Each structure stands twice: as structure tokens, then as C-alpha cells.
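Worksheet: the structure to be examined is printed underneath.
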Amino acid sequence: MGKKFLTLALALFVLCAQAFAQSTVSGRVTDESGEPLVEANVIIKGTLTGTTTNLDGYWTLPNVKSGTVLEFSSIGFATQSVTVGSKKTINVVLKSDALFLNDAIVVGYGSTKRKDLTGSITQIDNKILAMQNTSSASKALEGAVPGLIYASVDAQPGNDAGLRVRGLGSTSANYSNALVIIDGSPAQGDNPLSQMNQEDIASITVLKDAASTAIYGSRGANGVIIITTKSGTSGRTKITFQARTGWNTVGTYKMGQVDNAAGIYEYVWKSIYNSYRYGVNGTGGPVLDKTTGEYVTNVKNPNVSDADAALFASQHLFNYIGSTTDFSRNTLGNYMAYNVPGAIYNPDGTSSAASSTMTGAYLVGTDGKINPDAKLLYNDTYADALLKTGIRQQYDISASGGNDKEDHYLSLGYLTDPSYVPNSNFQRITGRAKINANLFKWMKAGTNISFSRTKTNYMGTYWAGRNSGSNQGSIPRFVNGHTPIIPFYSHDADGNIIYDANGDAVRNYLTNSTYSPLGQTQSNYGSTDIRYALDNDVRSDLTTTLNTRSFLEIPFLEHFSYRVDLAYDKISDMMTRYYNGTTGRAAGMGGYFGKRSYETEVLNIQDRLNYTQDFKKHHIDAMALYEYSGWEQEQVSWGSYDEFIPGFLAAGNFVGRYGGAGSAPNPGYGHDIERMKSYLGRANYIYAEKYYLSASIRCDGSSKFRKDNRWGTFWSVGGGWRFTEEPFMKELKESWFTNGKLRASYGLIGNQNGIGRYQTYRTWGYSTAYKLVTNGTGQPTGSDYRLSMGGLVNTDLTWEKTKTFDVGLDMTFLNRIDVTLDYYNRVTGNSQFAQPVSFLATGQNTLPRNIAEITNRGVEIDINADIIRTKDWRWNVAFNASHYTTKLTDLPADAIPAHVEGLPDGTWEDNSGAWSSAGGSQQSASVYLRGIGRDWYNLYMFKYAGVDDNTGLPMYWHRVTEADHTAGKYSDTSVGGSVKTNNYANASKYEVGSAIPDLAGGFNTNLRYKNWDLGAQFAYQLGGKFFSRNYAEYLYNCVDAQMYKMMFVSKKVKGHTWTTENTGTKFPMQWYPAGNTSYFSGTSTNGGDWSFTDMSLFSASYLRLKNITIGYTAPKVFLSKINLDKVISSLRFFASADNLFILSAAKAVDPSMSASGGYNDVDSYTFPNMRTYTVGVNVDF
Amino acid sequence: MKKIIYVLAAFMAIAFVNSCETLEVAPPNNITDEQIQEMLRGGDESVQKLILDVVGSGLQGNFNMAGAHWTGYSSYPLNSQVDQDFLMNMRGNDVLLGTLATASSGHENAYQLIKTYSLAINTYPYYALCATMLTNANKALLYLTPEAAEAGAAAKKYRGQALAVRAYAYLQLMERFCPAYTNGGKDGKGMPIYKDYGINDPAPISSATDTYKFILDDLKEAVTDLSATGYTAEPKDIDLGVAQYLLARAALWYGDWNTCIGAAKDLVAHYPDFIQEQYYGAKDKDFTAYCAGTKDLKSENNAFIVLDHNPEVIMGFVNGDGSNTYPNSFRNVFAAGMAGDGQEAPRIDSRLYSEIDDNDYRKDNYSTTSANYTYIVDASKKEDVRMIPEQANLKFAATMCKGTDVRNHELSCDNVIFRSSEVYLMLAEAYAQSGQDGPAKSTLNILLAARTRSGAPVLTCDNYSSMKGMTALQMVELQTRIEMWCENGLEFYNNKRWNIDVDRTGSTNHYRTSETLKVSEMTLQMCIDETSTNDHWAD
């Protein structure tokens, strides 16, 4: 007994000793060409323990038990498993997997392998993001994903771009944004992608079809963008440091306007010449012939001779105001940028309106050219003074590592990203700690906490929406809105800059600030010292964001697990507005100071059961999940005006109440709540990695709807067939057709974005009269209380529902070329539409109802090719393209707004199109013609019809009507036909094309040669229309430009307008803008209410070089030479440039700013995108 | 097994314990309809009274609407009652606008008698203003039920006011969109009747008769409800006088002469006084002095601009308490508005001017010469010199705006909405229409006496030079045109009733004489926005 026991015990000990024998194992991982694979993962299967390979592909793992299975993986290569035996060295050659078939792809509430997808999903590697120098990952997505629609809107650092997927998910286009999920929970703050550090992002996944998005139910109708942050990997702790610094400069902002003083004077000379010589009845312009209904000019019978007109224009260059008898300061504002020897100035007009008639010598001679003897006195410009190069700096450090018990990722980041406008910038400090731990065998837990503090300084001087437009404080407005005859600084008679007692250059913004021999010079735009305002005004948002994601996971039985996720976000935002009391907006009130504080809390709970099992060739996984999402925000505001000490931003320094220039003139408080509960389930079945089935269902309840309409059920089914796994494809697969999968999905997805939080509630207004009339507020009189009932509401409003069909084909050829094709058809029914109702019957014009149907249909292609893959060379090219249409496909006849004569049956003019959630702003004019079967962005404009050779005036197309024939007009043209007219009032609108491009996408290329790497990313768009308000209001406007302070005409216009000697021009005759003259500008039909013609409608095609980066990785030998190889495992230097160029239909036209044709998202004086140059270094320790 | 039970219990607990009530999120920032209803059901009478009081307050604003953007444009010329009425003033025989050389605005377009202005695509603002009044009234009447009115004096008063507003809304709709009932409209369509506020299905179009009956029923009840309120001194009040005025006007349009006479008599009994000669506008004799700057007229001394010296006001608003500046801009030739600096002074047709008796001091309200006037056009005291043509009205003129002692660019003024002279004329007309010429002339004589130039023989129907040979009704028509010249678009609407076309031939100062406007063309087409949303219009 005793012997046996001892023998047995010894044997067991030996066995145990063998079983638990541990040793250090090492080796090298290379690709098929023998090239070392850097940062390949070496993981003990079934654990979090592992390591990564170094620059030479070597790895070492201590304490590895014999019999352990090691998994070797690297992006782009097939995973390989090796069982550890007696060998201490294991070298592995990973086979290329160009399809990344086994890569983990993040999907809704989980992940899967690329080869197992049944939905249409695109995942973007973080390397693409890391190359680009943006403050928001959203801006790196332009052209990166087929089907992703992008609108940058403006250049303000810290603002996210608008992103939506595959057209519009709703006729409430304002709200059709893609859902952004960050680490599993919806992001519900403003600009969420700017609030996080791009360096923390491991991947961005875009879900597009029903199979992938339906799991997000009511939130997925406009696509889903899933952001996954980096996690730690087991093994030695790796510390990564990156520093990059560079320069932000203005992008393409010069629009080709006449940019020299001589050109401006010559242009005005020509206008005066024309007005004097060809104006009718002394008006200086055309006159309407009420008999013919057309405008007439005297081009056929000039008022005076050419010589007389030329002399008149030379003499009265500065004081012609449309009259041949009354003269005073005209739109040149008395600005004389030249010294004209021999000139005599004979005063006309009175006081500030006085100017002079020139005799003796002229600035512009009778030949219409600048006097060659004239000497330029100044040429300082607003652009030189206001646009500056900003220094961009970004520093990131992270640490990642782990063991079999835990893994961790820690990071800190700092970014300062200025724009080219000095007080517009963005600063961000971020921190993240992500820790996962195997607490027990039966329990895992993890937490992911991030913190960011951002400060976004907007152009402090303006107060409009994101695209500042012609707002009085818009810096682009000052830059492009002042011609070179208006100096930025005050100048004396000799052209020298005037300095004040402190030796500072005096700025030219008030009347008579700059000397002129003609009379008092006019003030600049708004009489604003914009530089002072720029340096002193404040418009900032200070945002602190705390994101937490925690989970607890309990595996049970063999194939089940239970997991609870808790996400809590706290966002604090403090808006500050200060307008100085000296100049600009608040000069009249002694300055304004306001604050508005937003406190936002987001709580998301996910409670889930998972099941996964593989048996034989079958794989099944399923999930049941409950989700609660709560969003709550409170805001408090305060504002005051009339400061004592200029620029001292303290409440005690301001005394004004209940008035002011900011967004919070009165004390205010607001509180908003939004909640959702959801139950969802999903199941996937795979047979032999060949046949795939998936299904999901989700039931959402939203606080936006009343009880009876609160819940919506959404679902999807999908299937896939990897036909290259079939026996009959074996030969092809082994030769060139590496992989092929056909997949299809169909599903129903909901949408509630376009529905207001309390839209189904009627509210009452409570108001009173006040004793103290201070901007309408103050102390109630106590006797005049009013209770007013709000408008009618539709308590039956419910979910918009999108049915999505998608069929896709994934193919890989030669193990190198990856091609994905998709066709989709998305039909959003129940879409909320403001149905016209009788005002008499209801007291309002429309009622929101779920009655419209909008259809998006498109095709996409995504190609990724490894063209060269050798030891020294690697060249990869990626290309994607998408084409889609967005059409209204159903609307009840009684929902179509009242028919206006001249419109096609069943159509109406509409203005809805602004992407307000992306920063666009709605214009009041109707710029789209809508109707069933028509594109949603079907532009409807007046059409320019060229120049009338009888008058030199612009003509417009007019559609002949029954009324015309009744009146005996245009009888030789049938009703509906078109004729030309030079009477703007008779212009008709026409359908001029869709804003949606025919094709959009991007292409990238990455080239590596030994230690050098070069990457470039492009975005493009082909077709579609883009309207430029800049061109319509200024650059192509031959009459209406105010010469001295608005943007001046294009170089294409000067010298190319119609004259009696130069007919057949594109642009009509110039006129001096006296009185009511806007009717013959050619770019608009009456100068107001967005009555623009298609003269400034351009192709929306463009090509942008988004980024180009060149890098050099220091060789190990070099590190060794400088004795850093023990400390530094990798050292890379790089240089990078963003937005180097854009090719588009016209100068400084950037169609990427708007997805609606430019009408609603882009104002005049655009805030153009930045250009960035950086250099940097990456160091891994 | 325990573990499984624990896990499932945890899953179920989190998934289902959370109550669905958490999704009941009422607007946190505003009072909801449900809260109001609950308070009304609560039985606390003081709370109920408070609600009813405030629900009914502010209804007077419907009589002087401004600031609405019927077409989405803030600058649209039909955004106010004043503007809508003023444009109708332009579409008649008696008013012309500025001169051919200077007029070019939307008002001048109306003066051109452009026919398309009456088409369905252009009449929305005329409709929307009335629909807004109707909505406001019906909102209040949801709570100001007959039962509520019986239960409390305040509710009774407010109910009467709301009924008056509703009736005025429908009356204006009838005046604008239907032929005059007494001149061809009797057998025609009226309006769809909506008595309740809510998501109403489009109602059938009532006959003109039924619509007028509805209007009169509302007004008669309003008179009853407001009887306790009586005639108040506050000009903006919707008091018994306003209800009686509307009743008289509606009855006149309906041809219910007795009702009109009854209401008008009650009114004139309460308004025995007239605007005195010295406060009846500016005078031609001072015109050149005003233009030369050697004399001034304060707005306080013109009863049409400031209510202080206007004993005729049945309803009006004072500056700062509901008035707007449009009337002063449109009509005051000395103000820096459209009539003055804008050179669009309303002028009187030479034909009507010639019919004003020389002993009638109203003749003094029109310039007999032209002269330049210097306008202060902005706060910096920038000046414009403009020529005021002859026969420009001085009726609504003053060189200094209300509350100032200097000439400036301000336009502050009070607004006269309804005044008693019109009631005398309505009373006279009702007598004349019902064959009672004697009382008709007696009534007119009261007005004529009040308008007799100081020191001149008292004017009567018998000695008024231009009224010789006229019937009593014709006398009423002429005196209405003179007395109510350029007020409330009355001439346009009265022409519909009196079957008078607009024909300017023969005038020596109208500069647009080629266009005419037949009475049949004075009925606005119902706007397309209404006809396309209520299929009954096609019946």
C-alpha cells in the first residue's frame, strides 16, 4: 500500500511537474516573402496573455506551458495556431489574407469576423485616421467610406462634420444624421468626435444596411458609425509617444475677384461710362417700357458720344451717383489709392457726402485705363491683417499592456488646433484609462473612462450660425468684402501709414480715417475696428466631458454568458460671449457679456445574455438584450451689458439688464429629457463557413411618443453564401478567385430623429405685461396676465419606418484585390410631413403627419488592392465610389401644398433642406421643386438666358402661360414653351438639376519602400449641382456689387461684359448701381429673397487631396548606434499636409461644405477649410 | 444551477423592473394642456377663475394685428390689418398715391388696380388674418363656455369679447371673399363655420345667409354678455360699444336694417361728441408754413393721430399699448415714413374734393399747392427734401410725432380702429335703405353740423352744395366717402355694397386712369391654400 501510494504519488508529481513545466518561448514572425511582421500578436489561446513582435518580427513570451496553443495574428494575414511543444523557438510564416477575412469587425453590440458578415459594413483602420491632421475624426471620413455623405460646413476647429449614410432616412432632412456609437453607447453630446482623441480610436465601423443597423432599431435609420477605442494587449507594457507640430493656414479663399486697386477703378469707370452714355431718361440705367414689358437702354442711340462719355467717366469717377446734374460721393467712398500728378479736385456735394470732380489729370483716363503716371499709395489688405498662420501642436502618449489577469490602455493627449483666424481655435486635453480584468474564472469586468476638456474659440466677433456668412462680425466677410482700394490702416496724403501717440498703426475704419483729396473717405463695413474686435471679443465653448463605460461579464454553462454594461456620460458646457463696448456689435450698449451653461447627463444600461456554440460545421450565436437610454439636460443663462472697465469679464463690471447683443440677454432656465427603452434579440447561424443566416429584432419605446404610439418593432434578416467554398469553385479558388460571397439583407428600421421631444404635447404660454419696459421683460404689472394655448399637435405621431434591401458581393482575387459591390434600396415610409390643412379649420397651415415616403437607391463599390508586396516594396491602393438617388416616392394628394400656377402638377416649391444638425441654416426662399418621383434636392431656379444684344441687358427664360396668350403675348410659342425676356419680373423658375452628385467617394494609396512610407488620400465628387451665393451676389454680379466694401466682381467679369463693341459675351453690360437697379444684374431676378439665377450654379464635382504623408522609420542599426535600442523599439519621423488642393468648378467653390446644393448649409463669405502642414515623430518605448 | 438562476434573475430584474412610466416625459419647461384640464376639473373655483380670466385676456389684439408673417416674409406689405386696409384704400376712386414720378411701391401696385391681386394665389394674407382671429377666438371659447359665462362675470365678459372677435373674423371674410349680400351675394356661398378649436375636419361651406346669421347670433350674444361691462373709457377694450358697432356693421352688410338701426342708435347715444374742427387734421392754410418750417403741428393736436382729442373713438390703441406706427407711416405726409419721405402721400381724387362743400372744414384737409418739405430720416438727423404734391391729405398729418416737441424721424402715434362718425353714417344708411329718408337725413345733419366750418351757416342735407338732387342714400354714400376718406379700406368695401365701379376717368389728378375695377372684380377669390385643403369649396 505504502509503496504503491508512493509510486503513484511520485508519478503524479512527475506528471504534474511536466504538466506545469513552464519555460520562455521565443521566435520570429514573417510574411511569405520573409519580411518581418511588426506588431503581430502572439496570444496564448483562450487567454488575454500574449505579446507582440518587434520591428524585426521577433517575440518572446515567458512562462509558457508545454502544450499551450499560441495564436499568431496580424492585420492582413490569416491567423495561425501553433501548439508549444519541446521547442523553445517557434518561427511562423503568416500567409497573406488580403481580404482580412479573419479580422474582427465591430458590429452592433459585438463583433464578428469579416468573412462572416451578412450586412454591408465598412471598417476604417486607425492608420487612415492617424495620418490626418484634424481635430475631429469626422473630417477624416470624407471620401473614406462608400455611401457616407459628408458636409464640412465650415473650417472651425472643434466642429464635427455632418455625416449620414446612404441618402436621407427621413423627409425631416434636418435631423438625418448617422448614429454615432462610442464604445457601445450612443454619443449624445455636441461634436462627439471632436471631444475625443483620434489617437485613442482603434477603428471606425460604418453600418449601412438593415442586417447591420436594425439592431439599433429606431436609431439606425441614417446609418451607424461605431467608434471603438484601443485596448491593451497582453505582454510587455508598450509606451507610445507621438508629437506633431505644424501650421494651419487658410485654404483656397481667393475667389478670383479683381484684387488690385487699378482694376477696381477701371471697372467702375466702365460702369459710369455705360450709365452715362446708354442710360435712359437721365436715370443712368435701363427703364421698363410698359408697352412691351421689356427694359430698354440707349445702346442703339447713345446719349452722348464715346469721347464725351469717356471724359465724363474720367471726371466723375468718384462722384457719379446716377445723375448727370447731382454729384456726390459714390460707392468708391472717395478712396483714392493713387497719387495722380496734375489732377485738380473740384468739390461737389455736401458734408460727408462730398466728393470731387476731377480735371487736369484723371485717375482713369479716357481710354478706360489707369493713368500710367499715377503712383500707388498703399496696398495693405484685410487678408494680410486678419489671416494668420496658426501653430498646431499635438502630443499623445499612451501605455498598453497586460497579462492573463488584465489588460490596460492608458493615454493622455493634448491638441491645440488654431484656425487661420487669430481668435478661432480649439484646444483639447484628453485622458483615457481602459482596463479589463479576469476577476474570477467566472467573472470578467472592465471599465473605460475617458475625460476631455475642450475649449472652442469661435470667431469672437460674429453671432450667426456655423457658417458665418455676411454677418457683420464674420472675418471672411471683412477679408473678401473689402476691395484693395480700402486700406486696412489709415494713410496720410503721402500714402504713409498714420501712427498714434503710442506708435501703433491707426486702423482705417471710421469716416475720413484715410486721407483723400476727393473728400471724406467712407467708413469700412459696419464702421468696425475688426482687429480690435477680433482681439477682444470672445465667443467660446468650454466643454468638459466624462465618458465612462463599465461592464461585468459572467460566463455560465459552456456556451452562455451574461453581461451588463453601464455607460454614464457627463457633459458640462459653458458658453461665453463677450462683445466689446468700443466697436462692433455691442458698441452701442457699452459692451455685452453673457454666459450659458449646459449640464448634460447620459445614462445607458445594457443587460444582455449571449449564447455561442460551434458543433461540427455549425456555428450558432444569439443574443437577448435590454437597453435603457436616458438623456437629460439643464441650461442656465445670464447676460448683461454696459461695462465699466473694458474687457474685464466679471459680472460686477456690467450693469445693464434684460437686453444685450448676445444669445442670453435675459436670465433663463431650461430643462429637457429624452428616454428610450429597448428590447432586442439577434441570432446568427453559419454552416461550414459557407452559408450564413442572421436575424434581429428590436422593440423600441420612446418618450417622444404618446403611450399608444410609443413602441415600434424593427427587424432584419440577412443571408450570405460564400460560393468559393463550394466544391465546384475549388479550382478557381486555388488559382485566382480567392474568395467570393454573395449576401443579401432586408429589414425595417425606425427613425424618430425628426420628431421633437415634446411634439405630441400641446403647451400653453403664460405671459404678462411689465411695468418696466426693458426689452419686454421686467416687473409684471400684476393685472395683465395672459394664458395662451399653443398650436394643435398630432398626438398620433409615430415612428418613421425605413425598409432597406441590400444585396452585396464580396470578392477577393489573387489574394490581393478585394472588391465589394453593394446595391441598396431604402424606402422610408411613415415619414413625417407637414400636411397642409385648412387654416380656418385648425388655426394653422400644416399638421405633422406620418404620410410621406422617400426612397434612396444606390450602388457602391469598394476596391482595395495590394499591388506590390515584396520585401522592400509594398504598394496598396484603395478606391471607393457610390452613386445614389433620393426621391420622394409617395405623398397623399391632399398633402401636396396648394398648386401654384405654372408649376407642374403635383409639385410644390420647398425650402426644407438645411442640415441643421450639422450646422446648416434654413433659408426662407424656396429653392427646390418637389413632387412624387422627383429628386429631393431637385433645384428650382431662375435661368439666365444670356445677353440681349439690343440692350446689353441680361435675359431670363420665361415659360409661356395661358395668361400670356390671353394677353396676346408670345403667341408664336406654345403654352409651356420658353422665351427670353430681359424683364426680371417675368422670369420663370426651372428645374436645373439635383444637388446630389452622380458619383462620390475617395481613393487612397500607400507606398512603402524599406524604411520609407508615403501615403495620400483623396476625396472626390462627380456631377451634381452646387450654388455659390458668393458668385451670385458679388462675383458675377455686373451691377449690384457695392464697389468699395462688398466683394468685388470676378476677374472673369472685368473686361468681359457686353459692350457695343464686344457683343456675344457671357456677362451683360455693366451699370453703375444707382437707385433700384438690381433687376438687371443677371445673377438674380430682383436682388432679394434668394431670387438667384443659375448663372452661379456650378457643377458640384471636386477633387481634394485630403492628406499626403511621408514617413521614415529609423532602422534598428541606427538606434543601436546611438544606444537607444534598449529603450526605443520604434522611431518614426513623418511630415504631413492636409487639404493641399481642391479642384472644383470655380475658384474657392468647395462643394464638400454642403450636401444640399449649397443653398442652405453655405452662406455667402464662406469660412473656407484650412490647409495644414505638420511634422512629427512617433516613438515606441 | 444556482448560478444560472442568479444570472437570469439579474437579467430579468434589470430588463423588466424599470417601469414604462419612465417614458412618460411631459415638457418640463411649459404648462401642458393636461395640467390646465386637470386644474379646470379640480373644483378649486379660484383657480378656475384665474384660468378663465387669463384665457380671455388680450383678445383686443385681434383688432389691430401686426407683426404676423403671413407669407414668411417680415417685410411683406400685407402683414397687418392696417396695411391690408390701406391697400384697399388704394383700390378705389377717391384716393391716389403720390405722383406717377415717385410712386413705385407695393402700395402703388394696388393703386394700379392689378387684377391678379384678387386671384386665389395672392389673397392668402387677407384670409390668414381672419383665420388667425377666428382661431384666437375659438381657443378662448373652448373654455369660455356659456356655462362658464353664467357662472362668473369675468368669464361672461370674456366670452362676449371672444364672440365679438369671432364675428369680426367672419364678417371680414364675408366682406372680402363674398359678393355683398345686398348686392348679388344673397344666394351665394358664405364660409365654412367652425365653432370649436381643434383638428376639425373641413366643414361644408355655409350659405351666405347662414353665415351672416351665425355672425349676427354671435354678436347679439356678445352684446348680451357685454351689457354688464357697458361702454368703458379704455379705448382698447372690447366693450359693449365694440360689440354694438360690429352688430351694426354686420347687419348693414346683411341688410337687416332694423338690427343695424338698433345697434347704431345705442352707439350714437353714447357718442354724442365729434372731433372738433381744430383737431380735425392739419389745415391747408398752414401747409406752406409747415413746409417752410415756420410752424409746427404736434400729433397731440390731430385727433386722427393721438386719441386725446378724439371723442369718437369706439376702439383704439394708444402708443406703447398696442398701437403700431403703420398708419402714421402710410398717411402722414410730414412723417419720415412712406407717405412723407417715401413720397407716397395719399391724395384725394379731384372729383371728390370738388364735392366737398366750401363750408365743410374737411375741405381744409387737403393741400391746394405743392411744396418741399425737409424730413429728418434717421437718428443722426440726416435730411431729405421731398416735394409734397397738391391735394395731398393733411387729415392725418402732423409735423411732430406723438410725445415729441421737435421734428424727428420717429413715427409714434395712436391708432383709431373704429369711430362713431362711421356709426352715424351706418345709421343714416340703414334708415335710407329701409326707406326712412327723413331719419336718414336727420342723422346726416348731425354729422354735417359737426363738420361745418366755424362761423359758416350750419350745413345740412338741404344746403350742402353738392348734394342737391341726391337721394338720401346717395347723400349717405357721398358723406361716407368724405368723412371716412382713406380709413379702413371702407370705400373699397362700400363700393361692393353700393355697386360702384372704380372708374377714374374724369379725374384731373388720378394718374392711373386706364384701369377700372368692376364691382364683380372686387370680390377676392378664396385663396388656394383654403380651397386646396377643404374640398367642399368645389361642391
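Just so you know, the protein sequences line up as chains A and B, in that order. Following my numbering, the numbering of the first sequence begins with 8 at its first residue and continues without gaps. Following my numbering, the numbering of the second sequence begins with 171 at its first residue and continues without gaps. Glycine included, each C-beta is placed from N, C-alpha and C at the ideal position. All figures in this text were calculated on a predicted structure; none of them were measured in a lab.
Fill in: Cβ distance (whole Å) where H440 of chain B is taken to contact G411 of chain B below 8 Å
Residue mapping note: residue 440 of chain B aligns to position 270 of the second sequence, counting from 1. Residue mapping note: residue 411 of chain B aligns to position 241 of the second sequence, counting from 1. Their Cβ separation, rounded to whole angstroms, is 6 Å, which keeps H440 of chain B and G411 of chain B in contact under 8 Å.
Item to complete: Report yes if the C-beta distance between S709 of chain A and S177 of chain A is below 7 Å; otherwise report no.
Response: As a first step, residue 709 of chain A must be located in the first sequence, where it is residue number 702. As a first step, residue 177 of chain A must be located in the first sequence, where it is residue number 170. With contacts defined as CB atoms closer than 7 Å, S709 of chain A and S177 of chain A fail to qualify as a contacting pair.
Item to complete: Name, going along the chain, the residues of the segment 363 to 377 of chain B whose beta-carbon falls closer than 8 Å to a beta-carbon of chain A.
Response: Against chain A - using a Cβ distance shorter than 8 Å - the residues of the segment 363 to 377 of chain B are Y364, Y367, G368, I369, N370, D371, P372 and A373.
Item to complete: Measure the alpha-carbon distance for F27 of chain A versus V71 of chain A and round it to whole angstroms.
Response: If you number the first sequence from 1, residue 27 of chain A lands on position 20. If you number the first sequence from 1, residue 71 of chain A lands on position 64. Residue confidence for F27 of chain A is low, a pLDDT of 43 falling below 50, so the modelled location carries little weight; the figure read from the coordinates is stated next. Taking the straight line from one Cα to the other gives about 9 Å.
Worksheet item: Comparing alpha-carbon positions, which option in A:T299, A:I51, A:E78 and A:L749 lies nearest A974 of chain A?
Response: As a first step, residue 974 of chain A must be located in the first sequence, where it is residue number 967. The candidate whose alpha carbon is nearest that of A974 of chain A is A:T299.
Worksheet item: Counting Cβ pairs, one atom from each stretch, are 3 or more of them under 8 Å apart for the segment 162 to 173 of chain A and the segment 586 to 593 of chain A?
Response: Verdict: no, contact absent.
Discussion item. Restricting to Cα atoms, I'd like to know which of B:P481, B:Y424 and B:K435 is closest to Y450 of chain B.
Written reply: Position 280 of the second sequence, counted from the start, is the residue given in the question as residue 450 of chain B. Measuring from the Cα of Y450 of chain B, the nearest candidate turns out to be B:P481.
Practice prompt. Whole angstroms is fine: what's the gap from S612 of chain B's alpha carbon to Y281 of chain B's?
Written response: Here residue 612 of chain B corresponds to residue number 442 of the second sequence, with the count starting at 1. Here residue 281 of chain B corresponds to residue number 111 of the second sequence, with the count starting at 1. Taking the straight line joining both Cα atoms gives about 35 Å.
Worksheet item: Which whole-angstrom value is the C-beta distance of T256 of chain A and Y427 of chain A, which I expect to be below 8 Å?
Response: Within the first sequence, residue 256 of chain A is the residue found at index 249, counting from 1. Within the first sequence, residue 427 of chain A is the residue found at index 420, counting from 1. Rounded, the Cβ-Cβ distance is 6 Å, consistent with contact.
Practice prompt. Kindly list, in the order they appear in chain A, the residues whose Cβ is closer than 7 Å to that of G228 of chain B.
Written response: As a first step, residue 228 of chain B is located in the second sequence; it is residue number 58 there, counting from the start. Within 7 Å Cβ-Cβ: R793.
Worksheet item: Counting only beta-carbon atoms, is T458 of chain B nearer than 7 Å to chain A?
Response: Counting from one through the second sequence, the residue named residue 458 of chain B turns up at place 288. Closer than 7 Å to the CB of T458 of chain B there is not a single CB belonging to chain A.
Fill in: Segment limits, beta strand (DSSP E) that includes F600 of chain A
Counting from one through the first sequence, the residue named residue 600 of chain A turns up at place 593. Here the beta strand (DSSP E) through F600 of chain A covers Y599 to F622.
Worksheet item: With C-beta atoms as the reference, is A602 of chain B less than 7 Å away from V646 of chain B?
Response: Within the second sequence, numbered from 1, the residue matching residue 602 of chain B stands at position 432. Within the second sequence, numbered from 1, the residue matching residue 646 of chain B stands at position 476. Yes, these two residues count as a Cβ contact at 7 Å.
Worksheet item: For L311 of chain B versus A332 of chain B, is the C-beta distance shorter than 7 Å?
Response: Reading the second sequence from its first residue, position 141 is the one you call residue 311 of chain B. Reading the second sequence from its first residue, position 162 is the one you call residue 332 of chain B. Yes, the pair counts as a contact, with Cβ atoms nearer than the cut-off.
Discussion item. Less than 7 Å between the C-beta atoms of L1147 of chain A and L1112 of chain A, yes or no?
Written reply: Sequence index remark: in the first sequence, residue 1147 of chain A carries index 1140 (1-based). Sequence index remark: in the first sequence, residue 1112 of chain A carries index 1105 (1-based). At a Cβ-Cβ threshold of 7 Å, L1147 of chain A and L1112 of chain A count as neighbours.
Worksheet item: Since A180 of chain B meets chain A, which of its residues come closer than 9 Å, beta carbon to beta carbon?
Response: Here residue 180 of chain B corresponds to residue number 10 of the second sequence, with the count starting at 1. In chain order: I561, Y569, V571 and D614.
Worksheet item: At a CB-CB cut-off below 9 Å, which residues of chain A make contact with D699 of chain B?
Response: The residue you call residue 699 of chain B lines up with position 529 of the second sequence. Correct list: P843, S845, F846, N852, P904 and A905.
Worksheet item: On the premise that N535 of chain B lies in contact with L564 of chain B, defined as a C-beta separation below 8 Å, what is that separation, rounded to the nearest angstrom?
Response: Looking up residue 564 of chain B in the second sequence gives position 394. Looking up residue 535 of chain B in the second sequence gives position 365. Indeed they touch by this definition, with Cβ atoms about 5 Å apart.
Worksheet item: Of the choices A:P1175, A:M1160 and A:F1174, whose alpha-carbon is the least far from that of D1168 of chain A?
Response: Looking up residue 1168 of chain A in the first sequence gives position 1161. With distances taken between CA atoms, D1168 of chain A lies nearest to A:M1160 out of A:P1175, A:M1160 and A:F1174.
Item to complete: Step through the CB atoms of chain A and report whether any lies within less than 7 Å of the CB of M696 of chain B.
Response: Here residue 696 of chain B is taken as the residue at index 526 of the second sequence, counted from 1. Cβ-Cβ to chain A under 7 Å: no for M696 of chain B.
Worksheet entry | Interface flag, A301 of chain B vs chain A, CB-CB below 7 Å | Here residue 301 of chain B corresponds to residue number 131 of the second sequence, with the count starting at 1. Yes - at least one Cβ of chain A is within 7 Å of the one on A301 of chain B.
Practice prompt. Ignore the nearest five residues each way along the sequence and tell me which others in P374 of chain B's own chain have a CB closer than 8 Å to its CB.
Written response: Taking the second sequence and counting its residues from 1, one reaches residue 374 of chain B at position 204. Excluding sequence neighbours, P374 of chain B sits near P362, H706 and D709.
Discussion item. Taking CB distances under 7 Å as the criterion, tell me whether A332 of chain B reaches chain A.
Written reply: Translated into the one-based positions of the second sequence, residue 332 of chain B becomes position 162. Using beta-carbon distances, A332 of chain B does not count as an interface residue toward chain A, since no partner is under 7 Å.
Worksheet entry | Beta-carbon proximity of I874 of chain A to W882 of chain A, cut-off 7 Å | In the first sequence, counting from the first residue as 1, residue 874 of chain A sits at position 867. In the first sequence, counting from the first residue as 1, residue 882 of chain A sits at position 875. Taking 7 Å as the Cβ cut-off, I874 of chain A and W882 of chain A qualify as a contacting pair.
Item to complete: Please confirm if the segment 289 to 305 of chain A is in contact with the segment 941 to 959 of chain A, defined as three or more CB-CB distances below 8 Å between the two stretches.
Response: The segment 941 to 959 of chain A and the segment 289 to 305 of chain A touch, with three or more beta-carbon pairs separated by less than 8 Å.
Practice prompt. Can you pull the chain B residues whose beta carbon is under 9 Å from the beta carbon of K1133 of chain A, in chain order?
Written response: As a working mapping, residue 1133 of chain A is identified with position 1126 in the first sequence. Under the 9 Å cutoff, chain B gives no residues; its nearest Cβ is about 48 Å from K1133 of chain A.
Discussion item. Using a Cβ-Cβ distance cut-off of 7 Å, determine whether T689 of chain A contacts chain B.
Written reply: As a first step, residue 689 of chain A must be located in the first sequence, where it is residue number 682. A quick correction: the sequence has Arg, not Thr, at residue 689 of chain A. Taking 7 Å as the threshold, the shortest C-beta distance from R689 of chain A to chain B does not fall below it.
Discussion item. Quick check on Q251 of chain B: does DSSP put it in helix, strand or coil?
Written reply: By one-based count along the second sequence, residue 251 of chain B stands at place 81. Three-state result, Q251 of chain B: helix.
Fill in: contact_flag[the segment 893 to 906 of chain A, the segment 850 to 864 of chain A] where n(CB pairs < 8 Å) is 3 or more
A contact is defined here as three or more CB-CB pairs under 8 Å, and the segment 893 to 906 of chain A meets this definition with respect to the segment 850 to 864 of chain A.
Worksheet item: Do C631 of chain B and Y294 of chain B have their C-beta atoms closer together than 7 Å?
Response: By 1-based counting over the second sequence, the position of residue 631 of chain B is 461. By 1-based counting over the second sequence, the position of residue 294 of chain B is 124. No; because the gap between Cβ atoms is not below 7 Å, this pair is not in contact.
Item to complete: Check whether the segment 492 to 509 of chain A touches the segment 459 to 470 of chain A, counting contact only when three or more Cβ pairs, one atom from each stretch, lie closer than 8 Å.
Response: At 8 Å Cβ cutoff, the stretches do not touch.
Fill in: Chain-ordered neighbours of V224 of chain B on chain A, where CB pairs are closer than 7 Å
One-based indexing of the second sequence puts residue 224 of chain B at position 54. Scanning chain A for C-beta atoms nearer than 7 Å to the C-beta of V224 of chain B yields Y792, R793 and L794, reported in chain order.
Fill in: Candidates A:N204, A:A629 and A:D614: closest to Q620 of chain A by CA position
On the first sequence, residue 620 of chain A is found 613 positions in, with the first residue counted as 1. Comparing Cα positions, the closest option is A:A629.
Item to complete: Report the rounded CA-to-CA distance for S499 of chain B versus Y599 of chain A, giving the unit in angstroms.
Response: Translated into positions along the second sequence, residue 499 of chain B becomes position 329. Translated into positions along the first sequence, residue 599 of chain A becomes position 592. Between S499 of chain B and Y599 of chain A, the alpha-carbon positions lie close to 33 Å from each other.
Practice prompt. Quick one: which residues of the segment 674 to 698 of chain A get their C-beta closer than 9 Å to a C-beta of chain B? List them in chain order.
Written response: Going along the segment 674 to 698 of chain A in chain order, one finds Y676, G677, H678, D679, I680, E681, R682, M683, K684 and Y686 with a Cβ nearer than 9 Å to chain B.
Discussion item. Can you tell me whether I698 of chain B is helix, strand or coil according to DSSP?
Written reply: Mapped onto the second sequence, residue 698 of chain B falls at position 528. Look at I698 of chain B here: in three-state DSSP terms it is helix.
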